[in-house]
Amino acid sequence: QVHLAESGGGLVQPGGSLRLSCEASGDTKCISAMGWYRQAPGEDRTLITGITDGDSTYYADSVKGRFTISRDAAKNTIYLQMNSLKLEDTAVYYCHALGQYCDGMQHWGNGTPVTVSA
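Sequential numbering of the sequence shown, starting at 441, is according to my numbering.
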């Protein structure tokens, strides 16, 4: 089993920055990739960025150039640096891990809210 613990959400003004963290624990050897999804009220949960254990990255067009994903393999932790935040970035942000090297299960954190408001 993999457990994911997010931190770093909060309230920020438009144009501001926030940094989210997600630490994985448990069967971390099973993880092949991690990423961040977000879900705004009334909308589906969508993938915005991901990083593999080979450090390949993916960004959705909506965050490309503003958000940066990184990882510290020694700490089993990924980070999401969010700059130039917009009102439409307001959502609950969920950490995700794919356990491809074991049973292929998907693992989720409980989510951390990010509110962009003037």
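Yeah, the Cβ is synthetic: ideal placement off N, Cα and C, and Gly gets one too.
- Remark: C-beta atoms of T492 and A473 approach each other more closely than 8 Å.
- Scanning L525, I509, C542, G549 for the CA closest to the CA of T468 turns up C542.
- If you draw a 10 Å sphere on the C-beta of G494, you find fewer than 16 other C-beta atoms in it, and that means exposed.
- Among the bridge pairs identified by DSSP, D512 is matched with T517.
- The shortest CA-to-CA distance from A537 to any of H547, D529, T530 is the one to H547.
- Short of 6 Å from the beta carbon of S447, and not among the five residues preceding or following it, lie these beta carbons of its own chain, in chain order: S461.
- For C462, the uninterrupted beta strand (DSSP E) run begins and ends at 458-466, by DSSP.
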